[in-house]
Amino acid sequence: PLLQGSCQQSLIEFFQIFVGKNVKGMSFEDTFKVLTSQPLDELPKQSIINLAKCIAGICIKSDSESRENSVKKFSNDIQCGDNPTKHLALLCLGELGQQLDISTSSNLKELILSCFGGEQEDIKMAAAYALGHLAVGNMPLYLPIISQAVNTTTQHPHQYFLFVALKEMIQIHANMNLEFVEYTDNVLPGLIAHCKSEEEGVRSMVSECIGALLVMHGERIIVSLLNVLQNPDDKYSRRTILTSIRHFLSR
1 PLLQGSCQQS LIEFFQIFVG KNVKGMSFED TFKVLTSQPL DELPKQSIIN LAKCIAGICI
61 KSDSESRENS VKKFSNDIQC GDNPTKHLAL LCLGELGQQL DISTSSNLKE LILSCFGGEQ
121 EDIKMAAAYA LGHLAVGNMP LYLPIISQAV NTTTQHPHQY FLFVALKEMI QIHANMNLEF
181 VEYTDNVLPG LIAHCKSEEE GVRSMVSECI GALLVMHGER IIVSLLNVLQ NPDDKYSRRT
241 ILTSIRHFLS R
């Protein structure tokens with residue numbers, strides 16, 4: 001359950017091979033039922049993420065009708081399930097939506113955003129995770145929503161969770177060498193502006209975002225970052241930029 005990296009990917013591919021060949025007892029329906037009926041209450045966070053990756057992996061190998069029914073089930077679980085079930089459903093939607101554009105499913109965007117209004121922090125974090133991953137599959141639809149995190153004219157009521165989504169989205173692009181240059185100018189000014197945020201959590205998200213941008217387009221943004229470092233009185237911004245460089249160097 002705590003597999004990561006190549007071992008985790010091998011497990012996903014194992015399920016995909018059997019589902020793709022429709023092996024008796026390991027068809028999509030059989031495997032989906034087994035994976036989605038696992039007891040979740042005592043599973044650690046990483047195990048639930050791994051489970052979601054496996055579920056999304058077999059959904060990708062299923063036919064369009066089965067995939068659409070799976071998305072409907074996840075959506076229903078978010079609306080009607082208990083917290084562990086909601087948590088898994090959000091992660092599944094994120095993992096699936098990162099690899100395939102599932103935005104045609106009705107009210108999916110609104111459903112994810114509605115989770116930010118709840119009281120459970122783990123559900124709000126899972127919704128942010130899902131939003132960031134879904135954006136990779138459909139940037140034109142989701143980037144304007146996530147970009148509200150760095151809006152300097154108004155503060156979104158769920159700004160921190162939008163920052164989490166932004167971090168997920170940027171890091172996926174960096175980790176998978178996906179093209180992000182056309183979006184850099186859209187998010188960088190707001191990220192730099194929020195370097196001086198009084199909220200440590202926001203500054204932490206900003207530093208991770210900028211660190212990932214440095215990996216992808218360091219030559220494009222380094223001058224803007226150096227300009228921030230030249231102001232000795234802006235301690236928060238200087239600290240955030242230096243932390244982002246540390247993130248960059250650790251990758």
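Residues 1 to 251 in this note's numbering are what the sequence shown lists, from first letter to last. Just so it is clear, CB atoms sit at the ideal spot from N, CA and C, and this is done for glycine as well. Just so it is clear, the structure is predicted and the values come from calculations on it, not from any experiment.
Item	Value
Assuming Ile137 and Ile170 make a contact with CB atoms under 8 Å, what is their CB distance in whole Å?	Just to set this straight, residue 137 is Gly in the shown sequence, not Ile. About 15 Å; that fails the 8 Å criterion.
Run through DSSP, which three-state label would Phe180 get?	coil
For a test of the three-state rule: what should DSSP assign to Asn107, helix, strand or coil?	coil
Looking only at its chain, what residues have a beta carbon closer than 6 Å to the beta carbon of Ile55, apart from the 5 residues adjacent to it on each side?	Leu35, Cys92
Of the choices Gln16, Gly25, Pro84, whose alpha-carbon is the least far from that of Gln38?	Pro84
Report yes if the CB atom of Ile245 is closer than 9 Å to the CB atom of Leu213, and no otherwise.	no
Do Leu166 and Ile172 have their C-beta atoms within less than 9 Å of each other?	no
Here's the rule: buried if 16 or more other CB atoms are within 10 angstroms of the residue's CB, otherwise exposed. What is Lys124?	buried
Could you work out which residue in Glu110, Ala130, Phe248 is closest to Leu88 when comparing CA atoms only?	Ala130
What number of angstroms, rounded off, separates the C-alpha of Phe248 from the C-alpha of Ile192?	16 Å
At 4 residues or longer, and completely inside the region 7 to 82: list those alpha helix (DSSP H) runs for me, N to C.	28 to 36, 45 to 60, 64 to 80
For Glu198 and Ala128, what's the separation of their Cα atoms in angstroms?	21 Å
Give me the Cα-Cα distance between Gly25 and Ser6, rounded to the nearest whole angstrom.	26 Å
Straight-line CA distance for Gly94 to Leu242?	31 Å
Taking the alpha-carbon of Asn186 as reference, which of Ser47, Pro140, Ala174, Leu90 has the nearest alpha-carbon?	Pro140
I'd like the span of the alpha helix (DSSP H) that includes Gln159, first residue to last.	159 to 175
Report the three-state DSSP secondary structure of Gly118 (helix, strand or coil).	coil
With H, G and I counted as helix, E and B as strand and the rest as coil, what does DSSP make of Pro189?	helix
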